[in-house]
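Mapped onto numbering that gives the first Met the number 0, the consecutive letters of the sequence shown carry residue numbers 0 to 564. We put the CB at the ideal spot given by N, CA and C, even for glycine. To start, the structure itself, in structure tokens.
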Amino acid sequence: MITFDEDRQNQALDELRKKEAEDLARTLAGKAGLQYINLAAVPIDNDGLRLIPETVSKEAGIAVFDSIGKRLKVAVLSVENEKTKQSIAELEAKGYLPTVYLVTLQSLKKAWDQYRDLSYATESKGGAIEISSEEIQKFASQLKSLSDITGLIKGILSEKKSYQISRMLEATLAGALSLGASDIHIEPQEKTIRLRYRLDGVLHDILDFDAQTFSLILSRIKLLSGLKLNVKAAGQDGRFSVKLGEDDIEIRTSVLPGAYSESIVLRILNPKSIAVPLESLGIRPKLLDLLIRQINKPNGMILTTGPTGSGKTTTLYAFLRKVHTPEIKIITIEDPIEYHLPGIVQTQTNPEKGYTFAEGLRSALRQDPDIIMVGEIRDEETAEIAVNSALTGHLVFSTLHTNTAAGTFPRLIDLKINPKVMSSAINVAMAQRLLRRLCPDCKREKLLDGKDKSFVEKVVTSIPTEASEQIPNQTKVWTAVGCDKCNMTGYRGRIGVYEAIVVDDAVSKTVTENPSEREIKQAALPQHILDMRQDGVLKALEGITSLDELGRVVDLEETDLSAKI
């Protein structure tokens, strides 16, 4: 008895029809003098596909399936279709160079199906994602708090659609931008993946999600950032950008292998967050006047120190904006260029190609700059060139990783800088931290008592009268409460606390004796400049921040405050 497998027969007939259709398209293409292609095994380029809206693509029987710069490969059902001709003409009018391929309807359907995978973002060949102003406005209207973001992402995760990953990544980025987050952390745990935002320097949980979604997001982020998909056992760094209206917001990607999978950190570099005037950073009036005098000198070195995320780059950029005029040439050497400053020559190091800070500094000196900014002094060679530049008629701004202003000098001695040369080159060394500001809508006043009262009295007593500081009322401080406007954290925004040491005769003499930090601090006491602890206590008494926040960021046992000049 003979049996027929109807499904197999139908499948064979379907394959035969497809083959006949492809053969017909190939024949027609030859007669029309066009190229033919079967898109079944051809990857569809999303950037090209986006050049023609989905509705127009289907009406005109056309799709862009590949794009390299202005050169396009365009699939069409018929070159006689008026809408097809119009679409090609519109591409040419925009400066594109389309090469037309004749295809079957089956091929075009493959391209049309991929429209579902397109995100609301647009990736360019330069590694930029453009989020339309309409879409970001939509997100901004939805995302006012951490709970809003959590709800939106949970809703996206519940969707079983092919564009889920794109939408989740967009929502995650848009939420971070709308709340002013500085970093996005995506961290694999044993069973789930944790998503967190860093707001005002503190991490906040958003939600946990599944490992399968994470693997797709990891691949998407690697592609966007120009990272290698097959490298999983080594750390990688990359970048992409998000275009919001007129602003290009840089996203720096760091991928690090972990116990369960690769951990992702996306650092958000928003130009608006760096555009802070020097006068608005929270620097005390006496120190501000001192710094303005120093940055207007024709030569020397100004160093700002502190850990990663303490606002050093913001301070240096504020210096540059303050001194920049059309009459002077400013060159920066950065890794990477975090924010673009108009009118200033900015260069980015590339160690893989031999363009290090030291090499960049040498090259910059050949261009006859008046002011040089070195993103960071990391090694002996860079330190030596920077110091010599400060001695030969250039003003040099740079950063160093130390905890205090006094720690600058032992650190440079460790980098083999001659103490006598160093004391001649450096004008001022400063240190800084960022404290969260109390939310003005919900902060609560409380009386000072107990240990807090004793601590504040001790710090205030240590402030010399010559410091020219108005001491606020010492009977009360403010504490964080939490409300909808601050995401229930009690804090909104940040402000700096600062200390500085000017290299005067006393400090210069001490530096040449291979001193400890304590000895340098002692030599600088007659300058009557507040240290970070004193600056922070005054800001707490003024209601700008809280004592708890000060203790979180500044080492309150760092300095012997009994010494008072």
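Might you give, ordered along the chain, the residues of its own chain that have their beta carbon closer than 8 Å to the beta carbon of residue i, omitting 5 neighbours on each side?
{"i": "Gln366", "result": "Lys328, Ile330 and Val344"}
{"i": "Arg493", "result": "Asp199, Gly200, Gly310, Leu433, Leu434, Arg435 and Arg436"}
{"i": "Leu555", "result": "Phe454, Arg532 and Leu549"}
{"i": "Ala499", "result": "Leu286, Leu289, Leu290, Ala404, Val427, Ala428, Met429, Ala430 and Ile528"}
{"i": "His393", "result": "Asn298, Leu364, Pro368, Asp369, Ile370 and Ile371"}
{"i": "Asp547", "result": "Thr478 and Ala479"}
{"i": "Lys57", "result": "Trp111"}
{"i": "Asp575", "result": "In this structure the chain extends from 0 to 564, so residue 575 is not present and cannot be described."}
Should residue i go down as buried or exposed, given a rule of 16 or more other Cβ atoms within 10 Å for buried?
{"i": "Lys442", "result": "buried"}
{"i": "Asn295", "result": "exposed"}
{"i": "Asp246", "result": "exposed"}
{"i": "Leu549", "result": "buried"}
{"i": "Val230", "result": "exposed"}
{"i": "Gly489", "result": "buried"}
{"i": "Lys221", "result": "buried"}
{"i": "Gln431", "result": "buried"}
{"i": "Val552", "result": "buried"}
{"i": "Arg115", "result": "exposed"}
{"i": "Thr98", "result": "exposed"}
{"i": "Gln85", "result": "exposed"}
{"i": "Ile67", "result": "exposed"}
{"i": "Asn486", "result": "buried"}
{"i": "Gln113", "result": "buried"}
{"i": "Met0", "result": "Note that Met0 scores 45 on pLDDT, short of 50, meaning its location in the model is unreliable; the coordinates nonetheless yield the value given after this. It counts as exposed."}
{"i": "Ser388", "result": "buried"}
Specify the secondary structure class of residue i as computed by DSSP and reduced to three states.
{"i": "Glu333", "result": "strand"}
{"i": "Ile96", "result": "Correcting the residue identity first, residue 96 is Leu in this sequence and not Ile. Leu96 falls in the strand class under three-state DSSP."}
{"i": "Arg320", "result": "helix"}
{"i": "Arg292", "result": "helix"}
{"i": "Ile343", "result": "coil"}
{"i": "Gln141", "result": "helix"}
{"i": "Gln235", "result": "strand"}
{"i": "Leu555", "result": "coil"}
{"i": "Ile282", "result": "coil"}
{"i": "Arg266", "result": "strand"}
{"i": "Arg16", "result": "helix"}
{"i": "Gly150", "result": "helix"}
{"i": "Gly550", "result": "helix"}
{"i": "Glu21", "result": "helix"}
{"i": "Ile273", "result": "helix"}
{"i": "Leu215", "result": "helix"}
{"i": "Asn402", "result": "coil"}
{"i": "Gln113", "result": "helix"}
{"i": "Ser309", "result": "coil"}
{"i": "Gly392", "result": "coil"}
{"i": "Pro368", "result": "coil"}
{"i": "Ile384", "result": "helix"}
If you drop the 5 nearest sequence neighbours on each side, which residues of the same chain put their C-beta closer than 6 Å to that of residue i?
{"i": "Ala28", "result": "Tyr35 and Leu101"}
{"i": "Thr346", "result": "Ile332 and Gly359"}
{"i": "Leu268", "result": "Glu249 and Glu337"}
{"i": "Thr314", "result": "Thr303"}
{"i": "Tyr316", "result": "Ile273"}
{"i": "Leu569", "result": "Outside the displayed range of the chain (0 to 564) lies residue 569, so it cannot be described from this structure."}
{"i": "Leu50", "result": "Val63"}
{"i": "Gly406", "result": "Glu516"}
{"i": "Gly449", "result": "none"}
{"i": "Glu186", "result": "Arg193 and Ser262"}
Which one or two residues does DSSP pair with residue i in a beta bridge?
{"i": "Arg197", "result": "Asp182 and Leu202"}
{"i": "Glu261", "result": "Pro256"}
{"i": "Ser397", "result": "Leu302 and Val373"}
{"i": "Tyr354", "result": "Asn349"}
{"i": "Phe208", "result": "Ile192"}
Excluding sequence positions up to five away, which residues of its chain have a Cβ less than 7 Å from the Cβ of residue i?
{"i": "Arg25", "result": "Tyr35"}
{"i": "Leu206", "result": "Thr149, Ile152, Lys153 and Leu194"}
{"i": "Thr355", "result": "Thr348"}
{"i": "Thr103", "result": "Ala20, Glu21 and Ala24"}
{"i": "His323", "result": "Ile329, Gly342 and Ile343"}
{"i": "Arg219", "result": "Ile164 and Leu168"}
{"i": "Thr571", "result": "Residue 571 cannot be examined here, being either before or after the span of the chain that is shown, 0 to 564."}
{"i": "Val373", "result": "Ile332, Phe356, Leu360, Thr381, Ala385, Val395 and Ser397"}
{"i": "Ser467", "result": "Lys285"}
Q | Minimum length 4: unbroken alpha helix (DSSP H) runs contained in the region 424 to 466 | A | 449 to 461
Q: Entirely within the region 458 to 544 and at least 3 residues each: give me those beta strand (DSSP E) ranges in chain order.
A: 475 to 478 and 490 to 501
Q) In the region 157 to 194, which residue ranges form an unbroken beta strand (DSSP E) of at least 3 residues, counting only runs that do not cross its ends? A) Fully contained in the region 157 to 194 are the following beta strand (DSSP E) runs of length 3 or more, in chain order: 182 to 187.
Q.
So within the region 56 to 110, which uninterrupted beta strand (DSSP E) runs reach at least 3 residues, ignoring any that extend past its ends?
A. Taken in chain order, the unbroken stretches of beta strand (DSSP E) that lie wholly in the region 56 to 110 and span 3 residues or more are 61 to 67, 70 to 75 and 96 to 101.
Q: Pick out the complete alpha helix (DSSP H) segments inside the region 30 to 57, 4 residues or longer, and give them in chain order.
A: 45 to 48
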